[in-house]
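Colleague: Before I ask anything, here is the structure I am working with.
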Amino acid sequence: MLPPRAYFFIGLNIIRVLSIVALVLVFASNIVTLVHDVEAVNRFMAAKGSDVSASNSTITDMLNCDYIEDSTVPNQPAGIFWAVLNRLLIIGQTVVLVLSELGWPSKFFDRFFPVLGKDFGLGALGVIQCLIGAAILSHFVDDFTLVSAFFLFSIGCLNIFVGLIFRQGAKSKRSITSWREHAKSALPTHVAGVPVAPIVTHAPSFVSNVFGNEKERHSTASDGSEASTTSSKASLGFGRQGEKAAAMKGYFISKPLESLPRYAPK
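Once you know that position 95 of the sequence shown is 76 in our numbering, the rest is easy, because the numbers rise by one and skip nothing.
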């Protein structure tokens, strides 16, 4: 039986993989759409500059359309510029989002794009994915681009939902490095529902006052006694002397709770 954090880790990383796949599909589909738009504009410009008779109704209808035929480019001044710029911006956004999902470079995102950094959740990522999907779906596109954009929009909604649940802790729960750091701890963290993780804390002020005189006595000793004290501290071990030396420095080490096995007689 896996702990709950293992299920969170697996589920969040599955969503991350689906998000990366959707972004890669949108990246590829927008390149294909960009190529088709450029080819359609070239055909449109060739038909516009041809010496065909003005009575040809097909050419006239094509020139008077709101959009260039077989493309997403509007038939207006600088329409091709804005259409190509839109596709390039979408491609650039997908690249940035893929890098943020991979967590590289993390320092760059933490400094220049904090909403995509490790200290924020998945809500902002989902909103950006939904905006990209809506921008693509608002145009007439081919089947490949349509499916990719709809898939990205669905993953964006899922990321928003997950971000509302886990908030800023979503990325830390799915992080592989944090999982490894947590796995390094060999001591139990809970016994019978009570947290018993080893916690090193500073001692209260009265403890420092109690052991203060002893510290002063050690400070007034000669150089020879200091050398002997240093050698004795190096071999204090984990017994009473070691605990006393740690308390003199102002630290306490918590002990696990004492408990009896279930089969022990009461």
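Note that the Cβ used here is the ideal one computed from N, Cα and C, for glycine as well.
1) Helix, strand or coil: how does DSSP classify Pro(-15) here?
2) In the DSSP assignment, the alpha helix (DSSP H) including Asn67 goes from what residue to what residue?
3) Where does Pro95 fall in DSSP's three states?
4) Any chance you could list the alpha helix (DSSP H) runs of at least 4 consecutive residues sitting entirely within the stretch 96 to 124, in chain order?
5) To which residues of the same chain is Val22 closer than 8 angstroms at the C-beta, ignoring the five residues directly before and after it?
6) Which one of Phe142, Trp85, Leu112, Pro95 has the shortest CA to CA distance from Leu70?
7) Hey, would you say Gly137 sits closer than 8 angstroms to Gly114, going by beta carbons?
8) With distances taken from CA atoms, which of Tyr232, Lys154, Ala9, Ala227 is nearest Phe(-10)?
9) By the 10 Å Cβ neighbour count, where 16 or more other Cβ atoms means buried, how is Leu145 classified, buried or exposed?
10) Just mark Ser203 as buried or exposed, buried being the case when its beta carbon has 16 or more other beta carbons within 10 Å.
11) Rounded to whole angstroms, what is the Cα-Cα separation between Phe147 and Phe94?
12) Enumerate in chain order the residues of its own chain whose CB-to-CB distance from Leu118 is below 8 angstroms, with the five nearest sequence positions on each side excluded.
Modeller: According to the structure shown:
1) Assigned with DSSP and collapsed to three states, Pro(-15) falls in helix.
2) 60 to 83
3) helix
4) 104 to 118
5) Within the same chain, Cβ atoms closer than 8 angstroms to the Cβ of Val22 are found at Ile49, Ser52, Val54, Ile61, the five residues on either side in sequence being excluded.
6) Leu112
7) yes
8) Lys154
9) Taking all protein chains in view, the Cβ of Leu145 is surrounded by fewer than 16 other Cβ atoms within 10 Å, so the residue is classified as exposed.
10) At Ser203, the pLDDT of 48 sits below 50, so the modelled position is not reliable; the number obtained from the coordinates is stated separately. Around the beta-carbon of Ser203, fewer than 16 other beta-carbon atoms lie within 10 Å, marking it exposed.
11) 20 angstroms
12) For Leu118, where only same-chain residues beyond five positions count, the Cβ hits under 8 angstroms are Leu127, Ala130, Phe131, Phe134.
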